[in-house]
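A.B. asks: Here the sequence shown is numbered in the working numbering, starting from 1 and rising by one per residue.
Note that the Cβ used here is the ideal one computed from N, Cα and C, for glycine as well.
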Amino acid sequence: MFDFAVLGSVFVTLFVIMDPPGIIPVFLALTSGRPAKVQRRMALQATAVAFGVIAVFGLLGRQILAYLHVSIPALMVAGGLLLLLVALDLLTGRADEPQQSKDVNAALVPLGMPLLAGPGAIVSVILAVQRADGVADHLSVWSAIVALHLVLWLVMRYSLLIIRVIKDGGVVLVTRLSGMLLSAIAVQQIANGVTQFIQGNGH
C-alpha cells in the first residue's frame with residue numbers, strides 16, 4: 001500500500017524546509033518564562049496549527065490560491081513580512097514579557113504559521129499531492145506529512161529540557177540570536193518572493 005520512495009522523498013523535502021532542529025531556539029525564545037504546562041500545550045498547539053494549514057493547502061491549495069488570485073511569490077513575501085515582525089519583537093525584547101494572552105497567539109503565529117507551515121512547506125505539499133498518482137502515492141504523501149509533524153512536536157516538546165539547563169541568561173541570549181536568524185530568514189524569503197514575482201511578470 002505504501003510507496004516508500006514517495007514517502008521518503010516528501011518527508012526529507014519537508015524536513016529540510018520546516019527544519020525541526022532550527023525551530024528549537026525560536027520555540028525556546030517564544031515560550032520562555034511560561035509555566036511548563038503552558039509550554040507543552042504551546043508545542044502541541046503549534047504542531048496542530050501547522051498540520052491544519054498544511055492539510056488544508058494539500059487538499060485545496062491550488063483552488064484557494066486561484067480563487068483569491070494570490071500567487072506563490074505573494075504568499076512568500078507575506079510570510080516573510082510576518083516573520084520579520086516577530087524577529088523585531090525578539091530582538092527588541094518585547095517578546096520576553098510572558099503575558100497569558102500571548103500564549104496561544106505565539107503558538108498560532110509565528111510558530112504554527114508561517115514558521116512551520118510557511119510558503120515553502122505549503123508549495124511543496126501542493127506539488128507533492130498534485131504529483132501523487134493513485135491511492136498508494138496519496139497514502140505515502142500524507143503519511144510523510146503526519147510523520148514530520150510528529151517529529152516537530154517531539155522536538156519542541158523535549159527542547160523544553162534545554163531551558164532548565166541554560167536558565168534565564170541563556171534564554172535571553174538564545175532569544176536575541178533567534179531574532180537575528182529569523183530576521184535573516186525573513187529577508188531572504190521576501191527577496192525570493194520579490195524576485196519570483198518580477199520574473200513571473202516579465203514572462
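Do you know offhand how far residue 122's Cα is from residue 163's?
C.D. replies: Translated into the one-based positions of the sequence shown, residue 122 becomes position 122. Translated into the one-based positions of the sequence shown, residue 163 becomes position 163. Rounded to whole angstroms, residue 122 to residue 163 spans 30 Å at the Cα level.
A.B. asks: I think residue 142 touches residue 43, with their Cβ atoms under 8 Å apart; what is that distance to the nearest whole Å?
C.D. replies: The count along the sequence shown starts at 1 and reaches residue 142 at position 142. The count along the sequence shown starts at 1 and reaches residue 43 at position 43. Between residue 43 and residue 142 the Cβ distance is about 22 Å, and since that is not below 8 Å, they are no contact.
A.B. asks: Taking the alpha helix (DSSP H) that residue 89 falls in, what are its first and last residues?
C.D. replies: One-based indexing of the sequence shown puts residue 89 at position 89. It spans 72-92 - the alpha helix (DSSP H) in which residue 89 sits, taken as one unbroken run.
A.B. asks: Is the beta carbon of residue 125 less than 8 Å from the beta carbon of residue 54?
C.D. replies: Here the question's residue 125 lines up with position 125 in the sequence shown. Here the question's residue 54 lines up with position 54 in the sequence shown. Yes, the pair counts as a contact, with Cβ atoms nearer than the cut-off.
A.B. asks: Quick check: the Cα distance between residue 117 and residue 179, rounded to an integer number of angstroms?
C.D. replies: Your numbering for residue 117 matches position 117 in the sequence shown. Your numbering for residue 179 matches position 179 in the sequence shown. Going from the Cα of residue 117 to the Cα of residue 179 covers about 19 Å.
A.B. asks: Which whole-angstrom value describes the C-beta separation of residue 160 and residue 15, a residue pair presumed to lie in contact below a C-beta threshold of 8 Å?
C.D. replies: Indexing the sequence shown from 1 puts residue 160 at position 160. Indexing the sequence shown from 1 puts residue 15 at position 15. About 21 Å; that fails the 8 Å criterion.
A.B. asks: Hey, how far is the Cα of residue 113 from the Cα of residue 50?
C.D. replies: In the sequence shown, the residue the question calls residue 113 occupies position 113. In the sequence shown, the residue the question calls residue 50 occupies position 50. Straight-line Cα distance between these residues: approximately 6 Å.
A.B. asks: Would you tell me roughly how many angstroms separate the C-alpha atoms of residue 40 and residue 193, rounded to the nearest one?
C.D. replies: Reading the sequence shown from its first residue, position 40 is the one you call residue 40. Reading the sequence shown from its first residue, position 193 is the one you call residue 193. The alpha-carbon atoms of residue 40 and residue 193 are separated by roughly 34 Å.
A.B. asks: Given that a residue counts as buried once 16 or more other Cβ atoms are within 10 Å of its Cβ, and exposed if not, what is residue 76?
C.D. replies: As a working note, residue 76 is residue 76 in the sequence shown. Classification for residue 76: buried.
A.B. asks: What do you reckon, are the CB atoms on residue 111 and residue 46 nearer than 8 Å?
C.D. replies: Position 111 of the sequence shown, counted from the first residue, corresponds to residue 111. Position 46 of the sequence shown, counted from the first residue, corresponds to residue 46. In contact: residue 111 and residue 46 (Cβ atoms closer than 8 Å).
A.B. asks: Rounded to a whole number of angstroms, what is the C-alpha to C-alpha distance between residue 97 and residue 5?
C.D. replies: Your numbering for residue 97 matches position 97 in the sequence shown. Your numbering for residue 5 matches position 5 in the sequence shown. Confidence at residue 97 is low in this model, with a pLDDT of 49, below 50, so the placement of that residue should be treated as unreliable; the coordinate-derived value is given next. Cα to Cα, residue 97 sits roughly 46 Å from residue 5.
A.B. asks: Cβ atoms of residue 83 and residue 182: under 8 Å apart, would you say?
C.D. replies: One-based indexing of the sequence shown puts residue 182 at position 182. One-based indexing of the sequence shown puts residue 83 at position 83. The answer is yes: Cβ separation under 8 Å.
A.B. asks: Which whole-angstrom value is the C-beta distance of residue 144 and residue 7, which I expect to be below 8 Å?
C.D. replies: Sequence index remark: in the sequence shown, residue 144 carries index 144 (1-based). Sequence index remark: in the sequence shown, residue 7 carries index 7 (1-based). That belief holds up - the Cβ atoms of residue 144 and residue 7 are roughly 5 Å apart, short of 8 Å.
A.B. asks: When the Cα of residue 78 is compared with those of 201, 186 and 200, which residue comes out closest?
C.D. replies: Residue mapping note: residue 78 aligns to position 78 of the sequence shown, counting from 1. Of 201, 186 and 200, the residue nearest in Cα terms is 186.
A.B. asks: Do you know how far the Cα of residue 115 is from the Cα of residue 170?
C.D. replies: The residue labelled residue 170 in the question sits at position 170 within the sequence shown. The residue labelled residue 115 in the question sits at position 115 within the sequence shown. Spanning the two alpha carbons is a distance of roughly 22 Å.
A.B. asks: Assuming the contact rule is C-beta atoms closer than 8 Å, residue 23 and residue 155 should be a hit. Round their C-beta distance to whole Å, please.
C.D. replies: In the sequence shown, residue 23 corresponds to position 23, counting from 1. In the sequence shown, residue 155 corresponds to position 155, counting from 1. About 7 Å; that satisfies the 8 Å criterion.
A.B. asks: Using the beta-carbon count (16 or more within 10 Å), is residue 34 buried or exposed?
C.D. replies: Here residue 34 refers to the residue found at position 34 when the sequence shown is read from its first residue. Classification for residue 34: buried.
A.B. asks: Pick out whichever of 72, 60, 31 and 200 has its Cα sitting closest to the Cα of residue 109.
C.D. replies: Taking the first residue of the sequence shown as position 1, residue 109 is located at position 109. Nearest of 72, 60, 31 and 200 to residue 109, Cα basis: 31.
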